[in-house]
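Read top to bottom, the protein sequences are chains A and B. For the first sequence, counting from 1, position 91 maps to 91 in full-length UniProt numbering; every step adds exactly one. For the second sequence, counting from 1, position 56 maps to 56 in full-length UniProt numbering; every step adds exactly one. C-beta atoms are modelled at their ideal positions from N, C-alpha and C, and glycine is treated no differently.
Number of protein chains: 2
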Amino acid sequence: MTDSKPNASLTAPSIHGDALPPVEQHAQQYATVRNAHETELIEDYVELIGDLLTHRGEARAADIANRMAVSQATVSKMIRRLNELELVTSKPYRSLFLTEAGQKMAETSRARHDIVLHFLRALGVKDATARIDAEGMEHHVSDETLDIMQRFTEQQQKS
Amino acid sequence: MTDSKPNASLTAPSIHGDALPPVEQHAQQYATVRNAHETELIEDYVELIGDLLTHRGEARAADIANRMAVSQATVSKMIRRLNELELVTSKPYRSLFLTEAGQKMAETSRARHDIVLHFLRALGVKDATARIDAEGMEHHVSDETLDIMQRFTEQQQKS
DNA sequence: CAAACAGTTTAGCCTTGGCTAACAATGTTG
DNA sequence: CAACATTGTTAGCCAAGGCTAAACTGTTTG
Ligand SMILES: [Mn+2]
Ligand SMILES: [Mn+2]
Ligand SMILES: [Mn+2]
Ligand SMILES: [Mn+2]
């Protein structure tokens, strides 16, 4: 449960960087990341489907495969999963649509994604880089940090 | 290869948010994230082993399991992989050590992790939240963004 | 209206990263 | 030094998320 004991003296000033966090806190960090990894691909799919519906009027499996640079078989399998999760509705060989729950997830994900992207641009990151970084970072940003990012971006825009 | 055609008028002002990026750029975003996911767990292990060696003098499988909140079997299996990748050396039932390549990876990961963590704190994020966010974000931050974060943190500290 | 083409699905394979249960080795202590 | 506690390994299971190949459906067009 606890770490093996450090055998160094108890009070000597550390020559190293930050100390290790307490075990429970450290474990929480990793657990939160593992958790995010379970949902992030789902979020990206739902967000993309929402964007395609908004900007193109329809969301076809082939478009998703191209946009994600993934095989159509992979998309087809994922769509089955999204169906089981009741996030999308689909008739065979037809465009996809989002359920109520799917729309909610798409909006939330899109909003969060935009906050992160706009924040990175406000920081001075080039657009192409900001887009790449935001695609990964978005799933690992807490609400607290998100708020701070949003305020930062607004401040930046006023000046 | 290309999206299905939008049938909306060509020049009408969009009532929606940001337009979709070009397919190739969009695909690059997702591909970069998938790539990061292949290496991030490895990086976390190597970084943690380095930290344990630095702060505790040894890195035992049980400590890793506790710190990551994961079973010992999972750690044991991952250590075999790290061995195959020649990032760690291990004798059965003995502490782990990092190879040259492992030390290099540990340093790089630790440095990047610290930049992200210190940046979040400089932004005003509470320590516990910053630690959680940094654990996930670190793997999705480009060198360009990392530079900007570091400069931001330094600026913040001067004032 | 029949082909050809484009899009979708299914089957079967692989790797990663989790888990539990059982067993083996090592360390501690009465 | 024997028993017990801790630590490490192995085996076998599972789900997720990739892939290719092949079959099937729907659309376009000669
Ligand atoms: Mn997204
Ligand atoms: Mn994303
Ligand atoms: Mn890290
Ligand atoms: Mn990490």
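Euclidean distance between Cα positions of residue i and residue j
i	j	result
valine 64 (chain B)	leucine 120 (chain A)	Note on residue identity: the sequence assigns isoleucine, not valine, to residue 64 (chain B). Those two C-alpha atoms are separated by around 33 Å.
threonine 129 (chain A)	histidine 113 (chain A)	14 Å
glutamine 155 (chain A)	histidine 139 (chain A)	24 Å
glutamine 103 (chain A)	glycine 50 (chain B)	44 Å
lysine 77 (chain B)	asparagine 66 (chain B)	15 Å
isoleucine 132 (chain B)	serine 90 (chain B)	29 Å
isoleucine 79 (chain B)	aspartate 143 (chain B)	28 Å
proline 21 (chain B)	arginine 94 (chain B)	51 Å
leucine 53 (chain A)	histidine 26 (chain A)	41 Å
arginine 34 (chain B)	glutamate 135 (chain A)	10 Å
glutamate 58 (chain B)	tyrosine 30 (chain A)	21 Å
alanine 73 (chain A)	histidine 118 (chain B)	42 Å
glutamate 100 (chain A)	isoleucine 15 (chain B)	22 Å
valine 23 (chain A)	valine 75 (chain B)	16 Å
glutamate 38 (chain A)	serine 109 (chain B)	23 Å
aspartate 147 (chain B)	methionine 137 (chain B)	15 Å
glutamate 107 (chain B)	threonine 32 (chain B)	22 Å
phenylalanine 97 (chain A)	methionine 68 (chain A)	18 Å
threonine 153 (chain B)	serine 159 (chain A)	20 Å
valine 70 (chain B)	alanine 111 (chain B)	25 Å
alanine 36 (chain A)	glutamine 28 (chain A)	12 Å
valine 88 (chain A)	alanine 62 (chain A)	16 Å
Residue i at chain A interface by Cβ criterion, 8 Å
i	result
arginine 121 (chain B)	no
asparagine 83 (chain B)	no
glutamine 156 (chain B)	no
residue 160 (chain B)	Here chain B has residues from 1 to 159 only, and residue 160 (chain B) is not among them.
glycine 17 (chain B)	yes
proline 21 (chain B)	yes
arginine 131 (chain B)	yes
arginine 67 (chain B)	yes
phenylalanine 46 (chain B)	Sequence inspection shows valine at residue 46 (chain B); the phenylalanine mentioned does not correspond to that position. No, its Cβ sits nowhere closer than 8 Å to a Cβ of chain A.
threonine 99 (chain B)	no
serine 142 (chain B)	yes
isoleucine 148 (chain B)	yes
alanine 106 (chain B)	no
glycine 50 (chain B)	no
Within-8 Å CB hit, residue i to chain B
i	result
tyrosine 30 (chain A)	yes
alanine 61 (chain A)	no
lysine 126 (chain A)	yes
glutamine 103 (chain A)	no
methionine 78 (chain A)	no
threonine 153 (chain A)	no
glutamate 38 (chain A)	no
threonine 74 (chain A)	no
glutamate 43 (chain A)	no
Residues that DSSP places opposite residue i in a beta bridge
i	result
serine 90 (chain A)	A:Leu96
Residue closest to residue i, alpha-carbon to alpha-carbon, out of the options
i	options	result
glutamine 150 (chain A)	B:Ile115, B:Gly124, B:Thr153	B:Gly124
histidine 55 (chain B)	A:Met137, A:Ile148, A:Thr108, A:Asp18	A:Asp18
valine 141 (chain A)	A:Gln28, A:Glu100, A:Val116	A:Val116
glutamine 157 (chain B)	B:Lys126, B:Ala122, B:Glu107	B:Ala122
threonine 145 (chain B)	A:Thr153, A:Asp127, A:Asp147, A:Ser159	A:Asp127
glutamate 47 (chain B)	B:Thr153, B:Ser159, B:Phe152, B:Met105	B:Met105
proline 92 (chain A)	A:Ala36, A:Arg60, A:Met68, A:Val70	A:Arg60
Check whether the segment 78 to 86 of chain A touches the segment 39 to 56 of chain B, counting contact only when three or more Cβ pairs, one atom from each stretch, lie closer than 8 Å.
These segments do not touch.
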